[in-house]
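Quick note: the sequence shown uses this note's numbering, first residue 111, plus one each step.
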Amino acid sequence: MIKYENNHRITYGDTDAMGVMYYANYLRVYEAARTEFMHMIGFSFQEMEEKGVVCPAINVNINYKQFSKFDWLVKVVTTVEELPMVKLVFKQEMFAPDGTLINSAIVTLGFIDQVRGRAIRCPEWILNLFKEKL
């Protein structure tokens, strides 16, 4: 398992008229955490795109347990538990300042040949980055 933890401060821009974090903004925070996770293992999105591969989200499942409020410093935990053969599956969790689980998500990314627009297996050079860490 590869694990990455980071913090996110809930801003006014994250919240809605009720003063809690707008439900779709959790996905934005999770995306930022996944990006940092990938940088941590030595992955370059720019290199991937230069090689003609993109990695869009193909499935997102998020389970909300409680809300989060403006100015909370929340902890985001991102893990990958298995090698990405044809898809890359992230488990992500967000915790309130008191350690209570706010929500959890499973985000699945696919590998797409950008020129042909077709799904492909995980490129070997990406797979090797994960093999070194798992």
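Glycine included, every Cβ here is placed at the ideal spot set by N, Cα and C.
> Closest by CA to F240, which one among I151, G220, F205, K201?
Replying inline: Residue I151 is the option with its Cα nearest to F240.
> Which whole-angstrom value describes the C-beta separation of K185 and N117, a residue pair presumed to lie in contact below a C-beta threshold of 8 Å?
Replying inline: Cβ atoms of K185 and N117 come within 8 Å of each other, at about 6 Å.
> If we call anything under 9 Å between Cβ atoms a contact, is F147 one with V190?
Replying inline: yes
> Does DSSP put D124 in a helix, a strand or coil?
Replying inline: helix
> Counting contacts by CB-CB distance shorter than 9 Å, is E141 in contact with chain D?
Replying inline: Here there is only one protein chain, and chain D is not present.
> Is it the case that the Cβ atoms of N173 and V217 are separated by a distance below 9 Å?
Replying inline: It is not a contact, given that the beta carbons lie outside the stated cut-off.
> Is R228 closer than 9 Å to I236 when the C-beta atoms are compared?
Replying inline: no
> Going by C-alpha distance, which of A127, W182, P233, V225 is nearest D208?
Replying inline: W182
> With a CB to CB cut of under 8 Å and the five nearest residues on each side skipped, what residues in its chain are close to Q224?
Replying inline: Around Q224: E159, G162, V163, V164.
> To the nearest angstrom, how far is it from the Cα of I230 to the Cα of L137?
Replying inline: Rounded to the nearest angstrom, the two C-alpha atoms are 25 Å apart.
>> Out of E141, I120, V130, which one is the CA nearest neighbour of Q202?
In response: E141
> Looking at C-alpha atoms only, which residue of A206, S214, P194, F205 is the closest neighbour of P233?
Replying inline: P194
> If you draw a straight line from the alpha carbon of F205 to that of Q156, how long is it in whole angstroms?
Replying inline: 31 Å
>> I believe K243 touches V187 by the beta-carbon criterion, under 8 Å. Please report the beta-carbon distance rounded to the nearest angstrom.
In response: Actually they are not in contact, since the Cβ atoms of K243 and V187 sit about 16 Å apart, beyond 8 Å.
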